[in-house]
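Reviewing the structure listed below.
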Amino acid sequence: MTTPDPIRRFVEATNAGDTRAFLDTFTEKAFLSDWGSDFHGRDGVARWNQSDNIGVQSNLRIVSVAQRDGVHHARVAVTGNGFNGEGDMAFTLDGDRIERLIIS
Numbered sequence: 001m002t003t004p005d006p007i008r009r010f011v012e013a014t015n016a017g018d019t020r021a022f023l024d025t026f027t028e029k030a031f032l033s034d035w036g037s038d039f040h041g042r043d044g045v046a047r048w049n050q051s052d053n054i055g056v057q058s059n060l061r062i063v064s065v066a067q068r069d070g071v072h073h074a075r076v077a078v079t080g081n082g083f084n085g086e087g088d089m090a091f092t093l094d095g096d097r098i099e100r101l102i103i104s
């Protein structure tokens, strides 16, 4: 499966360290959950981005993407100054933006 554009832009913005482009991949009322820590709206996503993503120089690589029941499940390899390894990200999209992201 081809990686949907919002997910591709999410990865590219992270890897470029471009916070503005990263936040622009999300809807205004986005929800992000990272192993049970929940973040609401773009302000919440911005806090997560600073503590766990661009703020720790994360670099992402999509390993695989599959769609089930309207959700895009991506296996992602992460390196940087925070988490390093592979994990699962479940993206719910709203048009060209991410509405919901569950990281597990």
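Position 16 of the sequence shown, counted from 1, bears residue number 16 in full-length UniProt numbering, the numbering being contiguous throughout.
No residue lacks a Cβ here, since even glycine has one placed at the ideal position from N, Cα and C.
Note that the structure is a prediction, hence the values are computed from the model and not measured.
Nearest to Val78 (by Cα), restricted to the options His72, Pro6 and Met89: Met89
Distance CB(Val76)-CB(Ile62) smaller than 9 Å: yes
Opening and closing residue of the alpha helix (DSSP H) in which Trp14 lies: Rather than Trp, the amino acid found at residue 14 in this sequence is Thr. Run containing Thr14: Asp5 to Ala16, per the alpha helix (DSSP H) assignment.
Neighbourhood of Thr3 by C-beta distance below 6 Å, restricted to the same chain and skipping five residues each side: Ile62 and Val65
Distance CB(Phe26)-CB(Ile98) smaller than 9 Å: yes
C-alpha distance - Gly95 paired with Ala30, whole-angstrom precision: 13 Å
Beta-carbon spacing of Glu28, Gly17 below 9 Å: no
Buried or exposed by the 16-neighbour rule on C-beta atoms within 10 Å, applied to Ser37: exposed
Helix, strand or coil at Ser104 according to DSSP, with G and I counted as helix: coil
DSSP-derived helix/strand/coil call for Asp69: coil
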